[in-house]
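S.K.: One structure is given below, represented as structure tokens, and several questions about it will come after.
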Amino acid sequence: MGLEHFDTVLSFAVVMLLLSLQITILVQVVVAISGLRGWNLSWSLTQLLKQISPTLNLEGYTTKLSREILKHPALTHTWTLLGRRKATAIRPAELLRVLEDLAANPNSALDTAAKQAVAAALGKTVAGQTPELAEKAGEVVAALVTQFPSQAQAVQDAVAQVFQQKKQLEVEVTAWFDTVMDRSTERFILYTRWVTAVIAFALAFFLHVDSIRIFKHLSSSSDVRAKIVQHVDATVRQAGTALTETAKPKPLASDAIQAMTEDMEAKSDKDLLTRAPADLATRQAGQDWLKRNFTEPKLTSVLAAYETRFEAATVNRLKDLGVSLDTVKASIDQTGLQIFPQPIPHWKAYLGDSGLHFLGVVMTGLFLSLGAPFWFNALSQLAKLRPVLAGKVEAPKTEDQAS
9 MGLEHFDTVL
19 SFAVVMLLLS
29 LQITILVQVV
39 VAISGLRGWN
49 LSWSLTQLLK
59 QISPTLNLEG
69 YTTKLSREIL
79 KHPALTHTWT
89 LLGRRKATAI
99 RPAELLRVLE
109 DLAANPNSAL
119 DTAAKQAVAA
129 ALGKTVAGQT
139 PELAEKAGEV
149 VAALVTQFPS
159 QAQAVQDAVA
169 QVFQQKKQLE
179 VEVTAWFDTV
189 MDRSTERFIL
199 YTRWVTAVIA
209 FALAFFLHVD
219 SIRIFKHLSS
229 SSDVRAKIVQ
239 HVDATVRQAG
249 TALTETAKPK
259 PLASDAIQAM
269 TEDMEAKSDK
279 DLLTRAPADL
289 ATRQAGQDWL
299 KRNFTEPKLT
309 SVLAAYETRF
319 EAATVNRLKD
329 LGVSLDTVKA
339 SIDQTGLQIF
349 PQPIPHWKAY
359 LGDSGLHFLG
369 VVMTGLFLSL
379 GAPFWFNALS
389 QLAKLRPVLA
399 GKVEAPKTED
409 QAS
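Residue numbers for the sequence shown follow the numbering used here, beginning at 9 and rising by one.
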């Protein structure tokens, strides 16, 4: 492969990386707006309840239960046009507490039959502190205390823990929670890949981004190629920063809590908010911290202010990512390469040119569906290979000149 052909491939990878980064931001926006995390968690809870329902007689209520659990006011305070937004995270202990409230609260959305089923499930226990076992525990404690009289209290506590009564629902949830949530993560990743593919093809077809046309332009224009190659190192650095920013959990919850100091009137509340940890990344993490530090009736207004600030922090986050990508895009614009045809052709353009334009757009959709991490890794490897290839190409010329 000649150096000019290698530079063509290198330049094409730069273009695909730029477009893929733009799609990454669009995917994050879609996920945030659609509540995909909440819907995925709802599916996961349904699977968890189905797994444990045969022994707890919850068949027929799993879907409704999962929906009402994630809409519980203790887990979410955000509203949308379709109602209360589903929570995006939950812990086993929170799940059990919410189930207890749904069964006992007369204002919960569950019907009478569902409440009775949940209450019955909560009432079932595994082998524990029955009278027989209590007598047995006393015998064990008496025998051990004679052997370890100086540690009598520790012996009693240890035996009590062994013979402690536990709810069967708690045991089942503990046993299956992590397994189901691992599958939930895999499912969410799969969904985001599908969202990426859909947005990639939509962008390619709407803007007529033709990979064949772009590749031909790069292969025939040495000036454009040279300018893009000059910006490869800078593009890799900027793209790496953008990908890191999108991948790492930014402490949006901590930022939102700090911004809430403007909403508080009491100095004691302001001082308390300033002591919030600096590593709270998720909406749920921020809610949990506020619940531990504020009580009713103030907690309700505090959580409402937090939701507003968290949404604003999310919007600012997306703007910051857009600025990072604008820096990368500006370097490409300086090369004179036209990625999007101007003006945008009519849809009938897909019918002409023997279908070549249609094929080029389909290829663009496929390329962009691979995702920004793929093109970033490809570009990084190509950038490392170019000096080696350039040295091999230039070596014979140096020998000729010397002879």
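Each residue gets a CB set at the ideal place from its N, CA and C atoms; glycine is no exception.
(1) DSSP state of Lys356, grouped into three classes?
(2) Quick check: the segment 67 to 87 against the segment 42 to 58, are there 3 or more CB pairs under 8 Å?
(3) Let's test the definition: count the other Cβ atoms within 10 Å of the Cβ of Phe20 and tell me whether it reaches 16, buried, or not, exposed.
(4) Just to confirm the assignment: which complete alpha helix (DSSP H) runs, minimum length 4, are found wholly within the segment 230 to 280?
(5) Which partner residues of Lys175 appear in the DSSP bridge assignment?
(6) Going by C-alpha distance, which of Ala82, Leu107, Thr322 and Ala101 is nearest Ala95?
(7) For the alpha helix (DSSP H) containing His365, list its first residue and its last residue.
(8) Quick check: the segment 311 to 327 against the segment 174 to 192, are at least 3 beta-carbon pairs closer than 8 Å?
(9) Going by the beta-carbon positions, is the gap between Thr372 and Leu226 smaller than 7 Å?
(10) Taking the alpha carbon of Arg105 as the reference point, which residue from Ser219, Thr303, Ala320 and Lys175 has its own alpha carbon closest?
(11) Do you know whose CA, among Val163, Arg325, Ile352 and Thr193, lies nearest Asp218's CA?
(12) Which residue's Cα is closest to the Cα of Val148: Ser158, Pro157 and Gln164?
(13) With the cut-off set at 7 Å, would you say Pro305 and Phe185 are in Cβ contact?
(14) Comparing C-alpha positions only, which one of Leu393, Leu211 and Thr322 sits nearest to Val370?
(15) Alpha helix (DSSP H) containing Ile222: first to last residue?
(16) Would you identify the three-state DSSP class for His13, choosing helix, strand or coil?
(17) Could you please give the first and the last residue of the uninterrupted alpha helix (DSSP H) stretch that includes Arg1?
(18) List the endpoints of the continuous alpha helix (DSSP H) containing Lys79.
(19) Quick check: the Cα distance between Trp297 and Thr308, rounded to an integer number of angstroms?
(20) Taking the CB atoms as reference points, tell me whether Arg317 and Met272 lie closer together than 7 Å.
(21) For Ile98, does the count of other Cβ atoms within 10 angstroms reach 16, so buried, or fall short, so exposed?
(22) Taking one C-beta from the segment 27 to 35 and one from the segment 194 to 214 each time, how about it: are there three or more such pairs within less than 8 Å?
(23) Considering Cα atoms alone, identify which of Asn385, Asp287, Val237 and Asp277 is closest to Pro395.
(24) Output the distance between the C-alpha atoms of Phe382 and Gln266, rounded to the nearest integer angstrom.
(25) So, Leu66 versus Leu57, is the Cβ gap smaller than 7 Å?
(26) Could you tell me the alpha carbon to alpha carbon distance between Ile31 and Arg233, rounded to whole angstroms?
(27) Can you give the Cα-Cα distance for Ile207 and Ala127, rounded to whole angstroms?
(28) Measure the alpha-carbon distance for Gly10 versus Arg191 and round it to whole angstroms.
(29) Helix, strand or coil: how does DSSP classify Arg45 here?
(30) What distance in whole Å lies between the Cβ atoms of Leu387 and Val39, which are believed to be in contact at a cut-off of 8 Å?
(31) With a Cβ-Cβ cutoff of 7 Å, do Ala321 and Ala247 count as a contact?
(32) What's the gap between the Cα of Pro114 and the Cα of Tyr69?
(33) Give the C-beta separation of Asp241 and Ala391 to the nearest angstrom, bearing in mind that I take them to be a contact with Cβ-Cβ under 8 Å.
M.R.: Looking at the atomic coordinates:
(1) Helix.
(2) The segment 67 to 87 makes contact with the segment 42 to 58; the number of CB pairs closer than 8 Å reaches 3 or more.
(3) Using a 10 angstroms sphere on the CB of Phe20, the tally of other CB atoms reaches 16 or more, which defines it as buried.
(4) Qualifying alpha helix (DSSP H) stretches, in chain order: 230 to 238, 240 to 255 and 260 to 267.
(5) Partner(s): Thr133.
(6) Among Ala82, Leu107, Thr322 and Ala101, the Cα nearest to that of Ala95 belongs to Ala82.
(7) His365 -> alpha helix (DSSP H) spans Leu364 to Ser377.
(8) The answer is no - the segment 311 to 327 does not touch the segment 174 to 192, with fewer than three Cβ pairs under 8 Å.
(9) Their beta carbons are not under 7 Å apart, which means Thr372 does not touch Leu226 by this criterion.
(10) If we check each option's Cα against that of Arg105, Lys175 comes out closest.
(11) Of the listed residues, the one whose Cα sits closest to Asp218 is Ile352.
(12) The residue among Ser158, Pro157 and Gln164 with its C-alpha nearest the C-alpha of Val148 is Gln164.
(13) Taking 7 Å as the cut-off, the Cβ atoms of Pro305 and Phe185 do not count as close.
(14) Measuring from the Cα of Val370, the nearest candidate turns out to be Leu211.
(15) From DSSP, the alpha helix (DSSP H) with Ile222 extends over Ser219 to Ser228.
(16) In the structure shown, His13 falls within a helical segment according to DSSP collapsed to helix, strand and coil.
(17) Nothing about residue 1 can be reported from this structure: the residues present for the chain run from 9 to 411 only.
(18) Lys79 -> no alpha helix (DSSP H), and no H or E assigned at all.
(19) Linking Trp297 to Thr308 through their CA atoms gives a straight-line distance of about 14 Å.
(20) Not closer than 7 Å, so no.
(21) Flag for Ile98 reads buried.
(22) Cβ pair count under 8 Å is three or more, so yes.
(23) Of the candidates Asn385, Asp287, Val237 and Asp277, the one whose C-alpha sits nearest the C-alpha of Pro395 is Val237.
(24) Cα to Cα, Phe382 sits roughly 36 Å from Gln266.
(25) Inclusion of Leu66 and Leu57 in the CB contact set at 7 Å is warranted, their separation being smaller than that value.
(26) Approximately 24 Å between the Cα atoms of the pair.
(27) In this structure, the alpha-carbon of Ile207 lies about 45 Å from that of Ala127.
(28) Going by the C-alpha atoms only, they are around 47 Å apart.
(29) In the structure shown, the three-state DSSP call for Arg45 is helix.
(30) Their Cβ separation, rounded to whole angstroms, is 25 Å, which puts Val39 and Leu387 out of contact at 8 Å.
(31) Taking 7 Å as the Cβ cut-off, Ala321 and Ala247 do not qualify as a contacting pair.
(32) Approximately 18 Å, taken between the alpha carbons.
(33) About 7 Å; that satisfies the 8 Å criterion.
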